[in-house]
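Chemist:
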Amino acid sequence: MKLIKRSKILLLPYPAQGHVNPMMKLALALVNCGFEPVMITPEFIHRRIISSLDPKAKIVCMSVPDGLEKDVAIDFFAIEKVMENCMPIHLETLVRQIDEEDGRVACMIVDLLVSSAIEVGRRCGVPVAGFWPAMLATYQLIAGIPDMVRMGLISETGKPLVYQVVPLTNKHATNSKNPSFWEEDTTSLQWLDEQKPNSVVYISFGSWVSPIGESKVKSLALALEAMKLPFIWVLGLAWREGLPVEYTERISKQGKLVSWAPQVEILQHKAVGCYLTHCGWNSTMEAIQCQKRLLCYPVAGDQFLNCAYIVEKWKIGIKMNGFAQKDVEDGLRKVMDDNEMNKRLIRLYDRTMGKEANLKAMANLNNFIDDMMKMSNESHHVGL
Numbered sequence: 013m014k015l016i017k018r019s020k021i022l023l024l025p026y027p028a029q030g031h032v033n034p035m036m037k038l039a040l041a042l043v044n045c046g047f048e049p050v051m052i053t054p055e056f057i058h059r060r061i062i063s064s065l066d067p068k069a070k071i072v073c074m075s076v077p078d079g080l081e082k083d084v085a086i087d088f089f090a091i092e093k094v095m096e097n098c099m100p101i102h103l104e105t106l107v108r109q110i111d112e113e114d115g116r117v118a119c120m121i122v123d124l125l126v127s128s129a130i131e132v133g134r135r136c137g138v139p140v141a142g143f144w145p146a147m148l149a150t151y152q153l154i155a156g157i158p159d160m161v162r163m164g165l166i167s168e169t170g171k172p173l174v175y176q177v178v179p180l181t182n183k184h185a186t187n188s189k190n191p192s193f194w195e196e197d198t199t200s201l202q203w204l205d206e207q208k209p210n211s212v213v214y215i216s217f218g219s220w221v222s223p224i225g226e227s228k229v230k231s232l233a234l235a236l237e238a239m240k241l242p243f244i245w246v247l248g249l250a251w252r253e254g255l256p257v258e259y260t261e262r263i264s265k266q267g268k269l270v271s272w273a274p275q276v277e278i279l280q281h282k283a284v285g286c287y288l289t290h291c292g293w294n295s296t297m298e299a300i301q302c303q304k305r306l307l308c309y310p311v312a313g314d315q316f317l318n319c320a321y322i323v324e325k326w327k328i329g330i331k332m333n334g335f336a337q338k339d340v341e342d343g344l345r346k347v348m349d350d351n352e353m354n355k356r357l358i359r360l361y362d363r364t365m366g367k368e369a370n371l372k373a374m375a376n377l378n379n380f381i382d383d384m385m386k387m388s389n390e391s392h393h394v395g396l
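If you're matching positions, the sequence shown starts at 13 in this note's numbering and goes up one per residue.
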């Protein structure tokens with residue numbers, strides 16, 4: 013592999029926790045391959061993650077103006093406006109600056125939800141690679157869109173050139189902690205130390221969408237209380253309006269409500285028996301990594317397809333129909349009484365994150381780098 017001196021790779025994740033984390037793992041792997049990754053995010057994300065980054069990671073983080081006021085609530089529509097209207101202009105200026113002043117840019121790796129950045133790369137003469145931080149099956153559905161054929165973005169056979177490089181589980185990609193958008197409540201780990209093995213249900217419906225609505229929050233809260241089941245529930249302050257009056261005080265000895273948690277550390281803990289999840293892709297992979305059984309309640313997007321694989325294909329979880337006490341009891345009984353589930357989790361872990369899987373992922377990453385460097389050399393040669 014011929015490396016350009018001080019080759020930089022610019023990475024542009026979609027500004028959501030579940031997109032930034034896998035992009036950061038890819039950046040760490042690129043450091044090990046001799047590149048200088050530069051993570052570029054809108055200012056409001058940059059402010060959240062910069063303090064939690066590992067200084068030893070050798071990843072440069074830069075920001076572009078987003079036009080958002082600091083004290084204004086940021087919702088999905090505000091983010092879309094930033095990504096489509098504000099970010100491209102400032103991003104183009106930054107890309108040209110890095111390419112001209114700080115050393116040649118080998119390529120841009122762009123989350124496919126940040127589609128406006130693809131055109132920026134083309135205008136700057138920088139090769140662009142797309143990044144899809146979810147299940148390959150969901151990408152294959154999108155890849156069938158006829159417009160992609162007409163635009164020449166996929167081959168004549170209709171199949172995109174895809175390099176499966178995640179999950180990256182080698183030591184260079186896992187020793188560094190993922191940057192968190194919010195402060196993690198680490199007291200939950202101390203609380204887990206006091207619980208019996210496999211006795212705790214960990215509950216989290218992700219960071220992005222409003223999870224399940226007030227009525228379902230109330231139903232789940234009452235079911236957990238009635239069952240006297242130890243639990244840790246990740247529930248943001250803004251989403252707690254559905255909780256019964258004085259609920260936090262009533263369950264203080266039984267469980268913990270936290271705004272944000274160190275999820276991987278919790279899932280690795282021996283006290284956690286299963287994970288009630290929205291089936292987001294990062295959460296799914298972390299559950300497989302920690303070999304935890306899943307209670308599934310998909311909320312939006314690719315989570316429904318992920319849930320289908322978890323329940324029907326891999327058989328490492330059970331789908332929940334609701335949050336009444338009977339629903340929760342039945343779900344827990346089914347998922348914990350399946351004596352073969354642990355064996356299936358071990359096999360799935362070996363297939364996706366074991367030694368052979370990791371070697372394949374790294375080989376795919378090296379193939380991607382080789383192809384990317386050829387494109388970069390051709391692009392810069394044309395520009396001379």
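For glycine and all other residues, C-beta sits at the position ideal for the given N, C-alpha and C. Nothing here was measured: the structure is a model prediction, and the numbers come from that model.
Exposed or buried, Ile-91, counting other C-beta atoms within 10 Å across all chains shown (16 or more means buried)?
Modeler: It is buried - the Cβ of Ile-91 has at least 16 other Cβ atoms within 10 Å.
Chemist: Would you list the residues sitting across from Tyr-214 in a DSSP beta bridge?
Modeler: Its beta-bridge partners are Ile-244 and Tyr-287.
Chemist: Please look up how many angstroms separate the CB atoms of Arg-262 and Glu-237, rounded, as I've assumed it's under 8 angstroms.
Modeler: With a Cβ gap of about 7 angstroms, Arg-262 and Glu-237 count as contacting.
Chemist: If we ignore side chains and look at the alpha-carbon of each, how far apart do Val-213 and Phe-335 end up?
Modeler: If you take the alpha carbons of Val-213 and Phe-335, they lie about 14 angstroms apart.
Chemist: So Val-50 and Ile-101 are in contact, right, with Cβ under 8 angstroms, and what is the actual spacing, rounded?
Modeler: Actually they are not in contact, since the Cβ atoms of Val-50 and Ile-101 sit about 18 angstroms apart, beyond 8 angstroms.
Chemist: Note the first and the last residue of the continuous alpha helix (DSSP H) segment covering Ile-61.
Modeler: Segment 55-61, the alpha helix (DSSP H) holding Ile-61.
Chemist: State buried or exposed for Gly-395, treating a residue as buried only when at least 16 other CB atoms are found within 10 Å of its CB.
Modeler: Note that Gly-395 scores a pLDDT of 49, beneath 50, so its modelled location is shaky and nothing firm can be said.
Chemist: Could you tell me whether the segment 290-306 touches the segment 259-273, using the rule of 3 or more Cβ pairs below 8 angstroms?
Modeler: As far as the Cβ criterion goes, the segment 290-306 does not touch the segment 259-273, which means the pair count is below three.
Chemist: For Pro-209 versus Met-35, is the C-beta distance shorter than 8 angstroms?
Modeler: Result no, Cβ atoms of Pro-209 and Met-35 do not sit closer than 8 angstroms.
Chemist: Determine, using beta carbons only, whether Val-107 and Cys-136 come nearer to each other than 8 angstroms.
Modeler: In contact: Val-107 and Cys-136 (Cβ atoms closer than 8 angstroms).
Chemist: For Met-384 and Ser-211, I'd like the C-alpha separation in whole angstroms.
Modeler: Roughly 48 angstroms separates the two Cα atoms.
Chemist: Between Leu-40 and Ala-69, how many whole angstroms is the CB-CB distance? I'm expecting something under 8 angstroms.
Modeler: Between Ala-69 and Leu-40 the Cβ distance is about 6 angstroms, and since that is below 8 angstroms, they are a contact.
Chemist: Rounded to whole angstroms, what is the Cα-Cα separation between Thr-364 and His-31?
Modeler: In a straight line, the C-alpha of Thr-364 is about 19 angstroms away from that of His-31.
Chemist: According to DSSP, simplified to helix, strand and coil, what is Leu-24?
Modeler: Looking at Leu-24 - three-state DSSP - the assignment turns out to be strand.
Chemist: From Asn-182 to Asn-370, what does the alpha carbon distance come to, in whole angstroms?
Modeler: Confidence in Asn-182 is poor, its pLDDT being 44 and thus under 50, which makes the residue's placement too unreliable to answer from.
Chemist: Look up Cys-119 in the DSSP assignment and give the residues it is bridged to.
Modeler: DSSP, once it has assigned bridges, lists Ile-21 as partnering Cys-119.
Chemist: Out of Leu-249, Leu-307, Val-340 and Val-246, which one is the CA nearest neighbour of Glu-324?
Modeler: The residue with the shortest Cα to Cα distance from Glu-324 is Leu-307.
Chemist: So if DSSP puts Gly-267 in a beta bridge, which residue, or which two residues, is it bridged to?
Modeler: Phe-243, per the DSSP bridge assignment.
Chemist: Is Gln-280 near the ligand MG, in the sense that its beta carbon is under 7 angstroms from a heavy atom of that ligand?
Modeler: The model depicted lacks the ligand MG and carries no ligand whatsoever.
Chemist: Classify Leu-124 as helix, strand or coil using the three-state DSSP reduction.
Modeler: Here Leu-124 sits in coil by DSSP.
Chemist: Taking the straight line between their C-alpha atoms, what separation do you get for Pro-54 and Val-76?
Modeler: The alpha-carbon atoms of Pro-54 and Val-76 are separated by roughly 5 angstroms.
Chemist: Could you tell me which residues DSSP puts in a beta bridge with Ala-141?
Modeler: DSSP lists Ile-121 as partners of Ala-141.
Chemist: Excluding the 5 residues flanking Ile-328 on each side, which residues of the same chain have their C-beta closer than 7 angstroms to its C-beta?
Modeler: Here the set comprises Arg-305, Leu-306, Ile-322, Met-353, Arg-356, Leu-357 and Leu-360.
Chemist: So, Ile-215 versus Trp-245, is the Cβ gap smaller than 8 angstroms?
Modeler: Taking 8 angstroms as the Cβ cut-off, Ile-215 and Trp-245 qualify as a contacting pair.
Chemist: Look at the alpha carbon of Pro-25 and the alpha carbon of Ser-19, and state the distance between them as a whole number of angstroms.
Modeler: Pro-25 and Ser-19: Cα-Cα distance of roughly 19 angstroms.
Chemist: Could you spell out the range, first to last residue, of the alpha helix (DSSP H) harbouring Met-460?
Modeler: It is not possible to answer for residue 460, since the shown part of the chain is limited to 13 through 396.
Chemist: Would the beta-carbon of Met-239 fall within 8 angstroms of that of Glu-341?
Modeler: Their beta carbons are under 8 angstroms apart, which means Met-239 touches Glu-341 by this criterion.
Chemist: Taking buried to mean at least 16 other C-beta atoms within 10 Å of its own C-beta, is Ser-219 buried or exposed?
Modeler: Buried, since its Cβ has 16 or more Cβ neighbours within 10 Å.
Chemist: Whose C-beta lies closer than 8 angstroms to the C-beta of Gln-303 among residues of the same chain, with five residues either side of it excluded?
Modeler: So the list reads Asn-354, Leu-357, Ile-358 and Tyr-361, once near-sequence residues are dropped.
Chemist: Could you give the DSSP three-state label for His-147: helix, strand or coil?
Modeler: His is not the amino acid found at residue 147; the sequence shown has Met there. Three-state DSSP puts Met-147 in coil, outside helix and strand.
Chemist: Report the residue from Asn-33, Phe-47, Asp-78 and Gly-133 whose alpha carbon sits nearest the alpha carbon of Ser-64.
Modeler: Measuring from the Cα of Ser-64, the nearest candidate turns out to be Asn-33.
Chemist: Using the rule of at least 16 other Cβ atoms within 10 Å of the residue's Cβ for burial, across every protein chain shown, is Ile-62 buried or exposed?
Modeler: Looking at its Cβ environment, which holds fewer than 16 other Cβ atoms inside 10 Å, Ile-62 is exposed.
Chemist: In its own chain, which residues sit with a C-beta less than 7 angstroms from the C-beta of Gln-315, not counting the 5 before and 5 after it?
Modeler: Around Gln-315: His-290, Cys-291 and Gly-292.
Chemist: For a test of the three-state rule: what should DSSP assign to Gly-313, helix, strand or coil?
Modeler: DSSP places Gly-313 in coil when its eight states are reduced to three.
Chemist: Quick one: complete alpha helix (DSSP H) runs, 4+ long, within the segment 26-53?
Modeler: Taking only runs of at least 4 residues, the alpha helix (DSSP H) segments lying wholly in the segment 26-53 are 29-44.
Chemist: At which residues does the beta strand (DSSP E) containing Leu-307 begin and terminate?
Modeler: Leu-307 -> beta strand (DSSP E) spans 305-308.
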